[in-house]
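>
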Amino acid sequence: MDQSDRVLRRLKLSDLRMLEAVAQRGSMARAASFLNISQPAVSKAIAALEQTLNVRLFDRTPTGAEPTIYGRALLSGGNTVFDELRQSVKQIRYMADPSAGEIRIGCNQPHAGGFAAVVIERIRRRQPGVRFQLEEADTVTLKQRELRARKADMILVRSPVPCPEPDMEAEALFNDQLRVVVGRSSPWARRRTVHLRDLADDDWAIPPYESVVGALIREAFLVSGVELPEPAITTHSINMQVNIIKTGRYVGIMSDSLLRFRAKELGLKVLPAALPHRPSTVAILTLKNRTLSPLAKMFIEAARELAQSLARST
């Protein structure tokens, strides 16, 4: 038996759980309180683990404990172990009751309110016992905080395909164009012909130009030969944009996938003004070599079906 096998025989899941508790809470005392055991028991267990591995897992400081490079390496492996066990438990529960279970999805705001909401509702109509957790954030945060941390089964974001991150896989769903929108009471809403240059001097409410969508907006104006407007209101919030634009006093730019499903409900009107920009692919991102639960696979299949219907109606 080699050294690695000997170490594995001495490692227990409770050791990894304790290691995780200390790292997350930043001290032995807080980890002990969380685990409902004594601080000496935590300290003794971590010391025994360090002796087994023959490395220091935490740097002790006056304010607590910080994982070393060895500690972070073991934590990463522990996260994978616990995640695979959770996925196995989900699969067992699904086998016992296919009508129940939970799916956690990370999503950008425009796709959370449109595409993802429709997919979720379709699944819920077929299997009302399935529960969903939807986390909204920007793409970078979703990759780090949700997907890599194994909190989300998948994320739905604008992404190149194949995915540039070596630890992730991306499946393209659809190209999401941007559309110029106004409120239904806007004078522009009654026009059959509108060009981007006609709107240049209006008050705009759009995402920041340094954002992913903002960069596409900048490109569209450049290609059209229209001077880039100085927005009256700049915001990342879709709700803020909607509430402002539907007053009829502002012009905005939003994702086609959101507007297809919710434009009428939100009180918005898509204008016929051309907004040329490079194709922007919306994709489902998952971690490579990660076991997905049957419900996660069901969500991906339902997303594919909806994406195909969008393509047919284009």
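Everything in the sequence shown is counted per this note's numbering, starting at 1 for the first residue and increasing by one. For glycine and all other residues, C-beta sits at the position ideal for the given N, C-alpha and C. If you're wondering where the values come from, they're calculated on a predicted model, not measured in any experiment.
What's the C-alpha gap between Thr-291 and Gly-225?
Looking at the two C-alpha atoms, the distance is approximately 48 Å.
> Label Glu-227 either buried or exposed according to how many other C-beta atoms from any shown protein chain fall within 10 Å of its C-beta, with 16 as the threshold for buried.
Counting Cβ neighbours within 10 Å, Glu-227 comes out exposed, since fewer than 16 surround it.
> Compute the Euclidean distance between the alpha carbons of Met-1 and Leu-16, then round it to the nearest angstrom.
Because the pLDDT at Met-1 is just 45, under 50, the model does not fix this residue reliably, and the value given afterwards should be weighed accordingly. Each residue's alpha carbon lies about 22 Å from the other.
> What's the call for Leu-19, buried or exposed, on a 16-neighbour Cβ count within 10 Å?
Under this definition Leu-19 is a buried residue.
> In this structure, does DSSP put Asp-176 in helix, strand or coil?
In the structure shown, Asp-176 sits in coil (DSSP, three-state: anything other than H, G, I, E or B).
> Using 8 Å as the cut-off, can you tell me whether the region 75-88 makes contact with the region 98-116, which would need three or more C-beta pairs spanning the two stretches below that distance?
With the cut-off at 8 Å, the region 75-88 and the region 98-116 do not touch.
> State yes or no: is the beta carbon of Lys-151 nearer than 9 Å to at least one beta carbon in chain B?
This model lacks chain B altogether, as it is built from one protein chain only.
> Once DSSP output is grouped into helix, strand and coil, what is the label at Glu-230?
Coil, per DSSP.
> Out of Ile-245, Ser-255, Ala-172, Val-182, state which residue places its alpha-carbon closest to the alpha-carbon of Val-213.
Closest by alpha carbon: Ser-255.
> Restricting to Cα atoms, I'd like to know which of Gly-77, Gln-51, Ile-206 is closest to His-236.
For His-236, the nearest C-alpha among the options comes from Ile-206.
> Residue ranges of each beta strand (DSSP E) run of no fewer than 3 residues wholly in the region 118-206, ordered along the chain?
Taking only runs of at least 3 residues, the beta strand (DSSP E) segments lying wholly in the region 118-206 are 129-136, 154-158, 168-175, 178-183, 204-206.
> How would you label Gln-308, buried or exposed, when you count the other beta carbons within 10 angstroms and need 16 or more for buried?
Classification of Gln-308: exposed, given that the 10 Å Cβ count is below 16.
> Once you ignore the five residues that flank Pro-279 on each side, which residues in its own chain have a CB closer than 7 Å to its CB?
Only Asn-175 meet the Cβ criterion.
> Reducing DSSP to helix, strand and coil, say where Val-270 ends up.
Correct three-state label for Val-270: strand.
> List the endpoints of the continuous beta strand (DSSP E) containing Pro-208.
Pro-208 -> no beta strand (DSSP E), and no H or E assigned at all.
> Is Asp-97 helix, strand or coil by DSSP?
The answer is coil: DSSP assigns Asp-97 none of H, G, I, E or B.
> For a test of the three-state rule: what should DSSP assign to Thr-52, helix, strand or coil?
Thr-52 falls in the helix class under three-state DSSP.
> Is it buried or exposed, Lys-246, if we count other Cβ atoms within 10 angstroms and call 16 or more buried?
The residue in question, Lys-246, is buried, as its Cβ has 16 or more Cβ neighbours within 10 Å.
> For Arg-122, which residues from the same chain have a beta carbon less than 6 Å from its beta carbon, with the 5 sequence-adjacent residues on both sides left out?
Ala-302.
> Who are the near neighbours of Leu-13 in its chain, counting only those whose CB is closer than 6 Å to its CB and skipping five residues on each side?
Around Leu-13: no qualifying Cβ.
> Look up Ala-65 in the DSSP assignment and say whether it is helix, strand or coil.
Of the three classes helix, strand and coil, the one that applies to Ala-65 here is strand, per DSSP.
> Can you check whether the CB of Ile-120 is closer than 9 Å to the CB of Ser-293?
It is not a contact, given that the beta carbons lie outside the stated cut-off.
> Whole angstroms is fine: what's the gap from Glu-315's alpha carbon to Met-240's?
Limits of the chain in this structure are 1 at one end and 314 at the other, which puts residue 315 out of reach.
> Along the chain, where does the alpha helix (DSSP H) containing Ala-21 start, and where does it finish?
Start and end: 13-25.
> Which first and last residues belong to the beta strand (DSSP E) in which Ile-284 is found?
Counting along the chain, the beta strand (DSSP E) containing Ile-284 begins and ends at 281-287.
> Once the 5 residues before and after Gly-26 are set aside, which same chain residues still bring their CB inside 6 Å of it?
Counting only Cβ-Cβ distances below 6 Å, and skipping sequence neighbours, we find Gly-64.
> Considering only the alpha carbon of each residue, which of Thr-68, Ala-215, Ser-99 lies closest to Arg-126?
Closest option to Arg-126, Cα to Cα, is Ser-99.
> Taking Ser-255 as part of the beta strand (DSSP E), name the residues at either end of that continuous run.
Where Ser-255 is concerned, the enclosing beta strand (DSSP E) stretches over 251-255.
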